[in-house]
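*Asks:*
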Amino acid sequence: MANSPQAKKRARQNERRALVNQARRSRIRTFLRKLEEAIESGDKAAATDAFKAAQPEVMRGVTKGIFHKNTASRKISRLAARVKALG
């Protein structure tokens, strides 16, 4: 248990940040799920639109500290290849 005032404040801040990060992670996962569904449906137009929506969300996750830069780049690259293969 936190004893010093600084440690108590950090605990409060960590709780708030965890909620914000959880919401961001959930939002990114939603975009990725929609893209996965579009790819599996085989509709290239829908998959392309979903990819264009998901890509900035994933990269925003990098700037907010949700993903590492290379992890996000790898995900985007693999998804782009899957969308391209639909054609």
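Residue numbers (the numbering used here): 1 to 87. Beta carbons: idealized from backbone N, C-alpha and C, even for Gly.
So, under 8 Å CB-CB, N21 and I66 are touching, yes? Tell me the CB distance rounded to an integer number of Å.
*Replies:* Working through the sequence shown from its first residue, we reach residue 21 at position 21. Working through the sequence shown from its first residue, we reach residue 66 at position 66. 6 Å between Cβ atoms; contact.
*Asks:* I believe A18 touches A11 by the beta-carbon criterion, under 8 Å. Please report the beta-carbon distance rounded to the nearest angstrom.
*Replies:* Start at 1 with the first residue of the sequence shown, and residue 18 comes out as number 18. Start at 1 with the first residue of the sequence shown, and residue 11 comes out as number 11. So it is not a contact: roughly 11 Å between Cβ atoms.
*Asks:* In terms of residues, what are the limits of the alpha helix (DSSP H) holding F31?
*Replies:* Walking along the sequence shown from the start, residue 31 turns up at place 31. Segment P5 to S41, the alpha helix (DSSP H) holding F31.
*Asks:* When the Cα atoms are used, what is the spatial distance from S26 to A45?
*Replies:* Reading the sequence shown from its first residue, position 26 is the one you call residue 26. Reading the sequence shown from its first residue, position 45 is the one you call residue 45. If I take the Cα positions, the gap works out to 25 Å.
*Asks:* Using alpha carbons as the reference points, say which of F51, A80 and A72 lies closest to R60.
*Replies:* Working through the sequence shown from its first residue, we reach residue 60 at position 60. Cα-wise, what sits closest to R60 is A72.
*Asks:* From this set, H68, L86 and E57, which residue's C-alpha is nearest I28's C-alpha?
*Replies:* As a first step, residue 28 must be located in the sequence shown, where it is residue number 28. The candidate whose alpha carbon is nearest that of I28 is E57.
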